[in-house]
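Following: one structure in structure tokens, then a few remarks.
Numbering (our numbering), first residue to last: 1489 to 1731.
Listed below in structure tokens is the structure:
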């Protein structure tokens, strides 16, 4: 049990939801999250064989057709001196960076990084530990999607789109870290309501759960503390003693 709060009549339990559905499934997300990993199924479902296949597909959309995309891709590779880079990985990243710069003509796109150590966590900025982390994909949206969402693709709308992509990544990160919850409400020992699938920080989840509770019980969610059991009668007595 994650948290339990009760009064003389009601008991509210906030528990971990081990069967929560990924927010990347059956959700009306703004961005598309494309990832590759040997052990984990991450992000949205897709048919790209690898990151090169993905980037080339977006390059085709950006420049107009496959032939032009191939010409641009070859020109990029020829313009980058392979001998300057200590490894093929570094050279390959330099090529990707040039491609991504062209993609910004038609897309807003952010990298996705995963840290894998006693659990997994994801962000768009990277992690300090190089041994247990690395890039696993991208989250992106077309400028057409930006126009539909924000009315235009002006710089201010681009910033809003990037903020939304970061927010979607943060929300998905809560899911990856197992911060998924449900609640059970008991009245005189009998379960009268329950709901699952709340994702977010414990404080955010408490606010969401309150929307599902009767008005005279909402305060129990406010009193809930992660990992603790409380009796609000005792809380009230303590407050009276302090007075």
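From the three backbone atoms N, C-alpha and C, an ideal C-beta is built for every residue, glycine too.
What did DSSP end up calling residue i once you bin it into helix, strand or coil?
| i | result |
| --- | --- |
| residue 1681 | strand |
| residue 1733 | The requested residue 1733 does not occur in the structure, where the chain is confined to residues 1489 to 1731. |
| residue 1612 | coil |
| residue 1579 | helix |
| residue 1518 | coil |
| residue 1718 | strand |
| residue 1707 | helix |
| residue 1653 | helix |
| residue 1663 | helix |
| residue 1545 | helix |
| residue 1459 | The displayed coordinates of the chain run from 1489 to 1731. Any statement about residue 1459 would go beyond what the structure contains. |
Beta strand (DSSP E) containing residue i: first to last residue?
| i | result |
| --- | --- |
| residue 1599 | 1595-1604 |
| residue 1621 | 1621-1630 |
| residue 1573 | No beta strand (DSSP E) contains residue 1573, which DSSP labels as neither H nor E. |
| residue 1501 | 1498-1504 |
CA-CA distance, residue i and residue j?
| i | j | result |
| --- | --- | --- |
| residue 1619 | residue 1591 | 29 Å |
| residue 1724 | residue 1708 | In this prediction, residue 1724 has a pLDDT of 48, which is less than 50 and means its spatial position is unreliable; nothing more can be read from the coordinates. |
| residue 1531 | residue 1695 | 26 Å |
| residue 1527 | residue 1572 | 33 Å |
| residue 1610 | residue 1514 | 20 Å |
| residue 1556 | residue 1548 | 7 Å |
| residue 1623 | residue 1491 | 35 Å |
| residue 1676 | residue 1541 | 59 Å |
| residue 1614 | residue 1621 | 8 Å |
| residue 1697 | residue 1579 | 49 Å |
| residue 1608 | residue 1626 | 17 Å |
| residue 1692 | residue 1546 | 36 Å |
| residue 1701 | residue 1518 | 30 Å |
| residue 1720 | residue 1635 | 50 Å |
| residue 1654 | residue 1598 | 8 Å |
| residue 1594 | residue 1536 | 19 Å |
| residue 1674 | residue 1533 | 39 Å |
| residue 1554 | residue 1638 | 30 Å |
| residue 1565 | residue 1583 | 6 Å |
| residue 1543 | residue 1629 | 13 Å |
| residue 1645 | residue 1509 | 30 Å |
Just mark residue i as buried or exposed, buried being the case when its beta carbon has 16 or more other beta carbons within 10 Å.
| i | result |
| --- | --- |
| residue 1523 | buried |
| residue 1577 | exposed |
| residue 1668 | buried |
| residue 1714 | exposed |
| residue 1606 | exposed |
| residue 1563 | exposed |
| residue 1680 | exposed |
| residue 1520 | buried |
| residue 1642 | exposed |
| residue 1689 | exposed |
| residue 1581 | exposed |
| residue 1495 | buried |
| residue 1616 | exposed |
| residue 1651 | exposed |
With hydrogens ignored, establish whether the beta-carbon of residue i is closer than 7 Å to any heavy atom of the ligand FAD.
| i | result |
| --- | --- |
| residue 1546 | Although the ligand FAD was asked about, the structure shown includes no ligands whatsoever. |
Chain B beta carbons: is any one of them nearer than 8 Å to that of residue i?
| i | result |
| --- | --- |
| residue 1494 | The chain inventory of the structure shown lacks chain B, comprising one protein chain alone. |
Taking residue i as part of the alpha helix (DSSP H), name the residues at either end of that continuous run.
| i | result |
| --- | --- |
| residue 1491 | Where residue 1491 is concerned, there is no enclosing alpha helix (DSSP H), although the beta strand (DSSP E) it sits in stretches over 1491-1494. |
| residue 1564 | 1554-1567 |
Report yes or no: do the region 1649-1667 and the region 1556-1576 share at least 3 C-beta pairs separated by less than 8 Å? no
Does the contact criterion of 3 or more C-beta pairs under 8 Å hold for the region 1501-1515 versus the region 1669-1682? yes
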